[in-house]
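Worksheet: the structure to be examined is printed underneath.
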Amino acid sequence: MKESRFYAYISRMKHIFRWSLMKNSQPESLSVHTLDTAVIAHCLGLLRNRRFGGNCNVERLVMLAMYHDCSEILTGDMPTPIKYYNPEIKEAYKEVEAVANKKLLGMLPEDLRPDYKPFFDHSGEDPELLKLLKAADKISALIKCVEEENSGNREFSKAKISIMESIEKMGIPEAKTFVEEFLPSYGLTIDELN
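Its first residue numbered 4, the sequence shown is counted upward by one per residue in this note's numbering.
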């Protein structure tokens, strides 16, 4: 049996740091962001099913979140101002991500690839799940901004406003509910939480 390096690469998420253009009071690894996104996605899926009459496959949504940024293991985290600078760069980066995802998928034993392919190639995926995933990803970034501001770092103030606006524009009631019900407590100290 051929050696697979897939999980060794996945474990390197802890070495990829986000927000590289900004001063961070607490660096955020890709692993931390991924777990936060998965936890938030889980909540958004549950909210959809319990409060908004949906029929979301919550477990699938969590799995999509777990692997949503794996391409960055190979590409690194591209800062948002660069990634979305213009349509050409945005499209080129999507192609780079697709190549990285294909390479990671190719590291798996052949018999496991079909099980992982949907997490690396979202074509044919339920668009509603992808919207919730995108919202969870943005909420995770918003939480990072809140945490940085709470530590006295003003570097994230404009990003916070921009991300909040983008979440609002998405028009996803589950995201609005999360921001209203759960986000305020991210500003509390451990003593205040208790």
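C-beta atoms are modelled at their ideal positions from N, C-alpha and C, and glycine is treated no differently. Values in this document were obtained by computation on a predicted structure and should not be read as measured data.
I need the boundaries of the alpha helix (DSSP H) containing H18, first residue and last residue.
H18 -> no alpha helix (DSSP H), and no H or E assigned at all.
Grouping DSSP H, G and I as helix and E and B as strand, with all else coil, what is S34?
In this structure, S34 counts as helix in the three-state DSSP scheme.
If you draw a straight line from the alpha carbon of L196 to that of D39, how long is it in whole angstroms?
When the Cα atoms are used, L196 and D39 turn out to be separated by approximately 18 Å.
With H, G and I counted as helix, E and B as strand and the rest as coil, what does DSSP make of P204?
This structure leaves residue 204 out entirely; the chain is present only between 4 and 197.
Closer than 8 Å is the cut-off here; do at least three beta carbon pairs connect the stretch 107-118 with the stretch 17-28?
The count of Cβ pairs closer than 8 Å, one atom from the stretch 107-118 and one from the stretch 17-28, stays below three, leaving the stretches out of contact.
Just confirm the distance between the C-beta atoms of P121 and E128, as a whole number of angstroms; I'd bet it's less than 8 Å.
Going by Cβ atoms, the distance from P121 to E128 rounds to 7 Å, so yes, they are a contact pair.
Leaving aside the five residues before and after K147 along the sequence, list all residues of the same chain whose C-beta is less than 6 Å from its C-beta, in chain order.
Excluding residues within five positions, the ones whose Cβ falls inside 6 Å are E31.
Whole-number beta carbon distance between H45 and V35, since they are thought to touch under 8 Å:
With a Cβ gap of about 16 Å, V35 and H45 do not count as contacting.
Reduced DSSP secondary structure (H/G/I, E/B, other) of C46:
Residue state, collapsed to three classes: helix.
Which whole-angstrom value is the C-beta distance of I177 and L136, which I expect to be below 8 Å?
One point to set straight first is that residue 177 is Glu, not Ile, in the sequence displayed. Contact between E177 and L136 does not hold, since their C-beta atoms are separated by about 12 Å, which reaches or exceeds 8 Å.
Member of K172, R157, T180 and I166 whose CA lies at the smallest distance from the CA of S28
Of the listed residues, the one whose Cα sits closest to S28 is R157.
Is it the case that the Cβ atoms of E150 and K163 are separated by a distance below 8 Å?
Result no, Cβ atoms of E150 and K163 do not sit closer than 8 Å.
Determine the closest residue to I175 out of I193, L50, E98 and D194, with distance taken between C-alpha atoms.
Ranking I193, L50, E98 and D194 by Cα distance to I175 puts L50 first.
Going by DSSP, what residue range makes up the alpha helix (DSSP H) through E2?
Not covered by the structure: residue 2. The range shown for the chain is 4 to 197.
Rounding to the nearest angstrom, what Cα-Cα distance links Y12 and I76 in this structure?
Roughly 7 Å separates the two Cα atoms.
Of the choices G48, F9 and S165, whose alpha-carbon is the least far from that of M66?
Of the listed residues, the one whose Cα sits closest to M66 is G48.
Which of helix, strand or coil does DSSP assign to S169?
Looking at S169 - three-state DSSP - the assignment turns out to be helix.
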